[in-house]
Amino acid sequence: MKRAMIAAAALLAAPAFAGEPDDGQTLEVEGEKFVIQATAPDHMENVDTVYSGWIFRTTETQDLQLDDFDNPSFIFVDQAEDLWNAVDGSEGKACADCHDDVADFAGLKTSLPRVENGELVTMTNLVNECRTERMGAEAWKYSGGQMSAMTALIAHQSRGMAMNVPIDGDAAPFWEAGKEIYYTRVGQLDMACSNCHEDNYSNMIRADHLSQGQTNGFPLYRLKNAKINTTHGRFKGCMSNIRATPYKEGSPEFKALELYVASRGQGLSVETPAVRN
Ligand code: HEC
Ligand code: HEC
1 MKRAMIAAAA LLAAPAFAGE PDDGQTLEVE GEKFVIQATA PDHMENVDTV YSGWIFRTTE
61 TQDLQLDDFD NPSFIFVDQA EDLWNAVDGS EGKACADCHD DVADFAGLKT SLPRVENGEL
121 VTMTNLVNEC RTERMGAEAW KYSGGQMSAM TALIAHQSRG MAMNVPIDGD AAPFWEAGKE
181 IYYTRVGQLD MACSNCHEDN YSNMIRADHL SQGQTNGFPL YRLKNAKINT THGRFKGCMS
241 NIRATPYKEG SPEFKALELY VASRGQGLSV ETPAVRN
């Protein structure tokens, strides 16, 4: 495995942590075994194995994900179930009026974002399309509370299923654009996503233990802000941390990046709603 040290090496220290990638940990939630490490897909030239971010968390944080009763995400997932049944908009409809059961969305998270009519479409876009086109309701804010909860509820229906997003055909140009962003250094610290999440995963950065920056657990609960966080929200935070001007949530750049990053998690189980620090 090729793992170059980076310019900002001073920020990083050798690993000294409980959760190391190769110690044979297993993740089982509600009697279901999850794939938390998998052979990297062929398109990943510099990495042999992909790892769930769960592995890199402290035991205390990991434990919160083991039992749905302890997992604080479920407060929000429950709120989304109420939203699912709530009538909204000029057509007087609730999600539940047209979609029999939210469980019918099993598998959707594993294959998103996807291309429709030449555009890259995220789960958030799909939900808002129903709201604006089919319910006559206002779009929800891209990473707002209602949308984060609803996308967590929908993605949760795929829990335990393997990430498997299509990246060829129509999706290829978007995937290439996302890859380009992933490897481009930006911001005052002049760093790319890859410098942390590919070159230095499992190293410490200040007080935090770097993972591969996978998205199989999203939307997920963060202890830091005590709410559900979206992938685009997380991308934004990482860009701000390297003092770059982040792209906007829902922007074409972040959607392409979401596709590319999802493809780096090929084979990992969906953990939604995961818990992170
Ligand atoms: C008036 C009927 C109607 C309402 C109300 C409605 N939808 Fe839809 N929804 C559809 C139709 C039709 C489709 C496209 C066909 C399909 O995939 O089922 C769709 C597609 C979707 C998809 C994409 C499914 C896929 O597999 O591609 C999601 C996710 C979704 N809706 C979520 C919601 C949510 C969440 C709400 C409530 C906020 C909602 N919908 C309200 C009719 C509706
Ligand atoms: C300076 C280092 C650094 C850079 C550069 C960076 N991140 Fe992160 N990122 C972190 C840290 C620290 C965390 C929290 C610990 C962890 O999971 O790695 C994190 C977490 C994440 C997570 C959450 C993983 C999980 O399992 O919860 C994702 C996704 C992510 N980053 C994506 C990105 C993307 C995409 C980029 C490029 C736009 C990027 N990061 C750039 C440091 C960085």
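Using our numbering, the first residue of the sequence shown is number 1, and each one after it goes up by one. Idealized CB from N, CA, C, for every residue including glycine.
Item: Segment contact flag, the segment 42 to 54 with the segment 261 to 275, C-beta cutoff 8 Å, min 3 pairs; Value: yes
Item: E198 - DSSP class collapsed to helix/strand/coil; Value: coil
Item: Exposed unless 16 or more other CB atoms sit within 10 angstroms - verdict on D199; Value: buried
Item: Any non-hydrogen atom of ligand 1 within 8 Å of A40 CB; Value: no
Item: C-beta contact flag for V165 and R114 at 9 Å; Value: yes
Item: Validate contact between the segment 104 to 119 and the segment 230 to 248 using beta carbons, cut 8 Å, 3 pairs; Value: no
Item: A270 Cβ short of 8 Å to ligand 2 heavy atom set; Value: Note on residue identity: the sequence assigns Val, not Ala, to residue 270. Every heavy atom of ligand 2 is 8 Å or more from the Cβ of V270, so no.
Item: Beta-carbon gap between G53 and G178 smaller than 9 Å; Value: no
Item: C-alpha gap between T245 and G187, whole angstroms; Value: 7 Å
Item: Proximal residues to T184 (C-beta, below 8 Å), its chain only, five neighbours per side dropped; Value: A192
Item: Whole-Å CB distance - I269 paired with M161, under 8 Å assumed; Value: In the sequence as presented, Ile is not what sits at residue 269; that position holds Ser. With a Cβ gap of about 7 Å, S269 and M161 count as contacting.
Item: 7 Å Cβ shell around Q146 - same chain, five flanking residues per side excluded; Value: L83 and W140
Item: Enclosing alpha helix (DSSP H) for T61 [first to last residue]; Value: T59 to L64
Item: Selected residue, minimal CA-CA separation from I242, among C98, K93, D190 and Y51; Value: D190
Item: Where L257 falls, given that 16 or more other Cβ within 10 Å makes a residue buried; Value: buried
Item: E129: CB within 8 Å of a non-hydrogen atom of ligand 1; Value: yes
Item: Rounded separation between A155 and K109 - CA only; Value: 5 Å
Item: Where D88 sits in the DSSP three-state scheme; Value: strand
Item: For V275 and T59, believed in contact at Cβ under 8 Å, the rounded distance; Value: Their Cβ separation, rounded to whole angstroms, is 12 Å, which puts T59 and V275 out of contact at 8 Å.
Item: Distance CB(I228)-CB(A152) smaller than 9 Å; Value: yes
Item: For P21 and F56, the rounded distance between their alpha carbons; Value: 7 Å
Item: Check: R234 C-beta below 8 Å from any heavy atom of ligand 4; Value: Here the bound small molecules are ligand 1 and ligand 2; ligand 4 is not part of this structure.
Item: Local Cβ density within 10 Å of K33, reported as buried at 16 or more and exposed below that; Value: exposed
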